[in-house]
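In the numbering used here, the protein residues as written are -10 to 303. We treat Cβ as the ideally placed atom computed from N, Cα and C, and that holds for glycine. Here is the structure we will look at, set down as structure tokens.
Right, dumping it as structure tokens:
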């Protein structure tokens, strides 16, 4: 409004003496250009009154636009600070939610990013701030067993939830108890989400099954078994390392059975894959894993093939 008023006065004083001012539109153009301090120079005042108006408009324009710029900058900074502190709700869909921050979390996230640089991840924990400066990785501060915290992580639209053991607890027996409580809360919030949980004590598996956890990882037991196999068979350790990391070598992948393979024998499919430099090692069927199955096994609709290759190519 101030710009319009100044432009009107400018037109009044300059109209008869300034050959650059042919209409009120020219004065309005000059007013907006001058207030933003752009100053194209196509129109300039020739009267004393016009110059006074120009000075006022420039001074006030600098202040107003400076205030607007500062306000926007302040909003952006505040938003980024809140996001880093874990107090901004997640807007991702089809994302992975990782609950808990321990010595495994960083390597898990790094592997996920190596697999897909555009993957969306939400971390839930009570650490001070988001460890990642990545627009695809959000952080929610709070207790994951609380419904309001899970809601802020948009758990209803998540595709996978990974619940890690809280090893910071002094009471060792309480670690699995807290994890189960979190899994129950997740299952209540989104019964359809694929849920994975890290378990410390093997005897607690039944509790995780009751919480509808899809994949139960007994970390200590898994580490012990890998250690034993590595001790007995020296090359196994190197092979396992290569298969479970994205940084080098071959990886393990899975793919849904192509309809054209339904009713065909496993051996024929394996040979066809081998010609493409893909090693078929087994398949999933009805929640059961079949590794190195009989060559005469007939493949069925819904089977999920497990293979080893340099890249995910099928």
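- In chain order, 251, 274 place their CB closer than 7 Å to the CB of residue 289, counting only its own chain and leaving out the 5 sequence neighbours on each side.
- When C-alpha distances from residue 129 are compared across 296, 95, 114, the shortest belongs to 114.
- Within the model, the alpha-carbon separation for residue 85 versus residue 223 is close to 35 Å.
- The Cβ atoms of residue 162 and residue 191 lie no closer than 8 Å to each other.
- Annotation: the segment 118 to 178 contains the following complete segments of the alpha helix (DSSP H) (minimum length 4 residues), in chain order: 136 to 141, 162 to 178.
- Counting along the chain, residue 245 sits inside the beta strand (DSSP E) bounded by residues 240 to 245.
- Pairing residue 138 with residue 197, the inter-Cα distance amounts to about 21 Å.
- Taking the Cβ atoms as the reference, residue 241 lies roughly 6 Å from residue 297, within the contact range of under 8 Å.
- Around the beta carbon of residue 109, 16 or more other beta carbons lie within 10 angstroms, which makes this residue buried.
- In the three-state reduction of the DSSP assignment, residue 81 falls in the coil class.
- For residue 228, no beta strand (DSSP E) run applies; the uninterrupted alpha helix (DSSP H) run containing it begins and ends at 223 to 232, by DSSP.
- Between the C-alpha atoms of residue -7 and residue 24 there is a straight-line separation of about 11 Å.
- Contact between residue 146 and residue 82 holds: CB atoms are separated by about 4 Å, below the 8 Å threshold.
- Within the same chain, Cβ atoms closer than 8 Å to the Cβ of residue 219 are found at 225, 226, 229, the five residues on either side in sequence being excluded.
- When DSSP states are grouped into helix, strand and coil, residue 112 belongs to the strand group.
- The three-state secondary structure of residue 92, taken from DSSP, is coil.
- Contact between residue 45 and residue -5 is confirmed by a C-beta separation of about 7 Å, below the 8 Å threshold.
- Judged by DSSP in its simplified three-state form, residue 212 adopts helix.
- By the Cβ neighbour-count rule, residue 291 is exposed, with fewer than 16 other Cβ atoms within 10 Å of its own.
- Secondary structure of residue 237 (DSSP, three-state): coil.
- Residue pairing by DSSP places residue 206 opposite 187 in a beta bridge.
- Relative to the Cα of residue 103, the nearest Cα in the group 141, 235, 118 belongs to 235.
- With a cutoff of 8 Å on beta-carbon distance, residue 89 and residue 153 are scored as near each other.
- Proximity to residue 215 across 201, 232, 200 peaks at 232, based on C-alpha coordinates.
- In this structure, residue 295 sits away from residue 267, with a CB-CB distance that is not shorter than 8 Å.
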